[in-house]
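Asks: Residue numbers for the sequence shown follow the working numbering, so the first one is 8 and each next one is one higher. Beta carbons are placed, not taken as given, at the ideal position from N, Cα and C, and that holds for glycine.
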Amino acid sequence: MKLSVIGCGYLGAVHAAAMASIGHEVVGIDVDQRKIDALSKGEAPFFEPGLTDLLDAGTKGGGLRFTSDIAEARGSRVHFIGVGTPQQKDSYAADLTYVYAAVDALVPHLTPGDVVAGKSTVPVGTAAELSTRIASTGATLVWNPEFLREGWAVKDTLEPDRLVVGVPEGEAGAAAVAVLREVYAPAIANGSPFLVTDLATAELVKVSANAFLATKISFINAMAEIAEVTGADVSKLAEAIGYDERIGRQFLKAGIGFGGGCLPKDIRAFSARAEELGRGESVAFLRQVDEINLRRRERAVQLVVDGLGGSVFEKKVTVLGAAFKPHSDDIRDSPALDVAVRLHGLGANVTVTDPAAIENARRIHPQLTYVEDRDEAIRDADALVLVTEWDEYRRQLPPEHASSLTDGRVVVDGRNGLDAAAWRAAGWAYYGMGRP
Ligand code: NAD
Numbered sequence: 008m009k010l011s012v013i014g015c016g017y018l019g020a021v022h023a024a025a026m027a028s029i030g031h032e033v034v035g036i037d038v039d040q041r042k043i044d045a046l047s048k049g050e051a052p053f054f055e056p057g058l059t060d061l062l063d064a065g066t067k068g069g070g071l072r073f074t075s076d077i078a079e080a081r082g083s084r085v086h087f088i089g090v091g092t093p094q095q096k097d098s099y100a101a102d103l104t105y106v107y108a109a110v111d112a113l114v115p116h117l118t119p120g121d122v123v124a125g126k127s128t129v130p131v132g133t134a135a136e137l138s139t140r141i142a143s144t145g146a147t148l149v150w151n152p153e154f155l156r157e158g159w160a161v162k163d164t165l166e167p168d169r170l171v172v173g174v175p176e177g178e179a180g181a182a183a184v185a186v187l188r189e190v191y192a193p194a195i196a197n198g199s200p201f202l203v204t205d206l207a208t209a210e211l212v213k214v215s216a217n218a219f220l221a222t223k224i225s226f227i228n229a230m231a232e233i234a235e236v237t238g239a240d241v242s243k244l245a246e247a248i249g250y251d252e253r254i255g256r257q258f259l260k261a262g263i264g265f266g267g268g269c270l271p272k273d274i275r276a277f278s279a280r281a282e283e284l285g286r287g288e289s290v291a292f293l294r295q296v297d298e299i300n301l302r303r304r305e306r307a308v309q310l311v312v313d314g315l316g317g318s319v320f321e322k323k324v325t326v327l328g329a330a331f332k333p334h335s336d337d338i339r340d341s342p343a344l345d346v347a348v349r350l351h352g353l354g355a356n357v358t359v360t361d362p363a364a365i366e367n368a369r370r371i372h373p374q375l376t377y378v379e380d381r382d383e384a385i386r387d388a389d390a391l392v393l394v395t396e397w398d399e400y401r402r403q404l405p406p407e408h409a410s411s412l413t414d415g416r417v418v419v420d421g422r423n424g425l426d427a428a429a430w431r432a433a434g435w436a437y438y439g440m441g442r443p
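1. Is Y18 near E153, with beta carbons less than 7 Å apart?
2. As an exercise, report each continuous alpha helix (DSSP H) stretch of at least 4 residues that is fully enclosed by the region 201-273, in chain order.
3. Measuring only from the beta carbon, is D37 closer than 6 Å to any heavy atom that is part of the ligand NAD?
4. Quickly, what does DSSP pair S11 with across the bridge? List them, please.
5. Count the CB pairs spanning the region 222-231 and the region 297-311 that are closer than 8 Å, and state whether there are at least three.
6. What I want to know is whether the C-beta of S444 ends up closer than 6 Å to one or more non-hydrogen atoms of the ligand NAD.
7. Please report the distance separating the alpha-carbon of G70 from that of L117.
8. Verify whether the separation of the beta carbon atoms of P271 and D361 is less than 7 Å.
9. Can you look up T325 in the DSSP assignment and give me helix, strand or coil?
10. Going by beta-carbon coordinates alone, are W150 and G125 separated by less than 7 Å?
11. Taking just the CA atoms, how far does G439 sit from A245?
12. What three-state label does DSSP hand L310 in the structure shown?
13. On a CA-only basis, which of A51, R41, V348 and R303 is nearest G264? Give me that one, please.
14. Measuring alpha carbon to alpha carbon, tell me which residue in A343, Y107 and S127 is nearest T139.
15. As an exercise, report each continuous beta strand (DSSP E) stretch of at least 3 residues that is fully enclosed by the region 366-410, in chain order.
16. Closest by CA to W159, which one among K332, D37 and I77?
17. Can you tell me which residues form a DSSP beta bridge with I125?
18. Whole angstroms is fine: what's the gap from V122's alpha carbon to D345's?
19. Rounded to the nearest angstrom, how far is the Cβ of V34 from that of S83, given a contact under 8 Å?
20. Can you name the residues that DSSP bridges to V418?
21. Rounded to whole angstroms, what's the CA-CA distance from R188 to T395? Just pull it up for me.
22. Cβ atoms of N367 and I385: under 7 Å apart, would you say?
23. Run through DSSP, which three-state label would N197 get?
24. Taking 7 Å as the limit between beta carbons, can you name the residues of its chain near A179, skipping five residues before and five after?
25. Let me know the secondary structure DSSP gives L187 once reduced to three states.
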């Protein structure tokens, strides 16, 4: 099927490449010419495991091309909208400028029977508004939220754990469902559940899923705060409660909390939208979820200060990680970088290392020192702070090796990912999050 994907960032580029890999003819469209140039050459403009292979195969005769000309969307049966919906500068609400601009630019190129499928994460009610904007074209607007995880985006797109499609009532909606079933036929055949809802439910599925995940993380981080004043160990606590299947082990790891381009801005946008709907109190807890999350970053900084005897001034602190999570170069609202910047603000000589995100981090925070080589970064550090759970830092950094690089013996484990006993046995003062 001929498809267009408008907005080729973390979501759109992967979606375009994945759809081409299952046999569709795909045009990816973005306003960022640098991204289009890279993608057209089969190069991923960001770090995402497996994406380069798909792009390479797709652009070399595999039915995948990229352009900055929206007119080339004409003739596609489905137009996926994957542009950004960041937080507004001066409020918690989502900035829908890019979504409206993309849809308005698309309108002159739509033909009757086309399906416009929103994938961006939007406040509930956006799809209804967009439906009126495209009404005169004879195209149908549906919402098909995306649940991919950065770092696993290719797999999540090709083998989604569920597909959700919100459609309008009536024949047009039913026809759009049939079209999307065809688009996603391989995944459906592979067992991915395909759920059809109304527009509002589909929009809400996405934000409520993220609200739940954020709440789970902040719940265990709240328990970490209690553990810290009682001498309890939140890691053991999480393990013990996680055996209860109703609770589950996933997303129950205390640390410096969540970040990235989705969870923080999505829970804030949800709060803002609920306020607009007169139901602010229904999700008032999300404010606390956000606050708990931000407090944990400060806690990690405090542990470094404590570990270094009350001041980090002019001490060399090596921050292991910059990306908001491993297997990604995404630094949007990264807790890792936030910790680094706060330490720098306290006068520490901060060195940041990361296997994938240094270039992005340097662009936004040029005041920090960046060293690509992990061991060089660690050399002569007074303290190490693990903030992103890359295997390079968590599994592949034996404490004895760290000891050979520096006389510093303070390690703050912002992700509770290190073997505390091993680091202590090697002579390090180990500080975890919510652990004695
Ligand atoms: P991104 O910033 O990486 O990509 C957005 C892209 O849209 C950019 O390349 C930008 O140049 C392009 N764009 C902006 N305006 C445009 C226009 N008028 N026409 C064409 N292109 C335009 O963002 P992202 O992480 O890919 O997220 C996109 C949306 O998907 C957001 O709503 C996000 O919440 C949602 N989402 C993201 C993820 C994720 O893991 N990144 C997962 C699920 C949902």
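Replies: Concretely, from the data shown:
1. Translated into the one-based positions of the sequence shown, residue 18 becomes position 11. Translated into the one-based positions of the sequence shown, residue 153 becomes position 146. Here the sequence assigns Leu to residue 18, which means Tyr is not the residue at that position. E153 sits close to L18, with the two beta carbons spaced by under 7 Å.
2. You should have 206-237 and 241-249.
3. On the sequence shown, position 30 is the one that residue 37 refers to. Inclusion of D37 in the 6 Å shell around the ligand NAD follows from its C-beta lying nearer than that to a non-hydrogen atom of the ligand.
4. Taking the sequence shown and counting its residues from 1, the one referred to as residue 11 is at position 4. DSSP, once it has assigned bridges, lists V34 and H86 as partnering S11.
5. A contact is defined here as three or more CB-CB pairs under 8 Å, and the region 222-231 meets this definition with respect to the region 297-311.
6. Absent from the structure is residue 444, since the part of the chain shown begins at 8 and ends at 443.
7. One-based indexing of the sequence shown puts residue 70 at position 63. One-based indexing of the sequence shown puts residue 117 at position 110. Annotation: G70 to L117 spans about 21 Å, alpha carbon to alpha carbon.
8. Mapped onto the sequence shown, residue 271 falls at position 264. Mapped onto the sequence shown, residue 361 falls at position 354. Taking 7 Å as the Cβ cut-off, P271 and D361 do not qualify as a contacting pair.
9. Within the sequence shown, the letter at position 318 stands for residue 325. Three-state result, T325: strand.
10. As a position in the sequence shown, residue 150 is number 143, starting the count at 1. As a position in the sequence shown, residue 125 is number 118, starting the count at 1. Contact flag set, yes.
11. Position 238 of the sequence shown, counted from the start, is the residue given in the question as residue 245. Position 432 of the sequence shown, counted from the start, is the residue given in the question as residue 439. For A245 and G439, the distance between alpha carbons rounds to 14 Å.
12. As a first step, residue 310 must be located in the sequence shown, where it is residue number 303. In this structure, L310 counts as helix in the three-state DSSP scheme.
13. Position 257 of the sequence shown, counted from the start, is the residue given in the question as residue 264. Checking every option, the nearest Cα to that of G264 belongs to R303.
14. Looking up residue 139 in the sequence shown gives position 132. Selected option, being the one with the closest Cα: Y107.
15. Fully enclosed beta strand (DSSP E) runs of 3 or longer: 390-393.
16. Stepping through the sequence shown from its first residue, residue 159 is reached at position 152. Of the candidates K332, D37 and I77, the one whose C-alpha sits nearest the C-alpha of W159 is K332.
17. To locate residue 125, count along the sequence shown from 1; it is residue 118. Just to set this straight, residue 125 is Gly in the shown sequence, not Ile. G125 is bridged by DSSP to I88 and W150.
18. Position 115 of the sequence shown, counted from the first residue, corresponds to residue 122. Position 338 of the sequence shown, counted from the first residue, corresponds to residue 345. Cα to Cα, V122 sits roughly 41 Å from D345.
19. The residue given as residue 34 occupies position 27 in the sequence shown. The residue given as residue 83 occupies position 76 in the sequence shown. Sure, about 7 Å apart at Cβ, within 8 Å.
20. Along the sequence shown, one-based indexing puts residue 418 at 411. Looking at the DSSP assignment, V418 forms a beta bridge with L391 and Y437.
21. Counted from its first residue, the sequence shown places residue 188 at position 181. Counted from its first residue, the sequence shown places residue 395 at position 388. Separation of R188 and T395 (C-alpha to C-alpha, rounded to the nearest whole angstrom) is 38 Å.
22. Here residue 385 is taken as the residue at index 378 of the sequence shown, counted from 1. Here residue 367 is taken as the residue at index 360 of the sequence shown, counted from 1. Between I385 and N367, the gap from beta carbon to beta carbon reaches 7 Å or more.
23. Residue mapping note: residue 197 aligns to position 190 of the sequence shown, counting from 1. N197 falls in the coil class under three-state DSSP.
24. Sequence index remark: in the sequence shown, residue 179 carries index 172 (1-based). For A179, where only same-chain residues beyond five positions count, the Cβ hits under 7 Å are T147.
25. Reading the sequence shown from its first residue, position 180 is the one you call residue 187. Here DSSP, grouped into helix, strand and coil, assigns L187 to helix.
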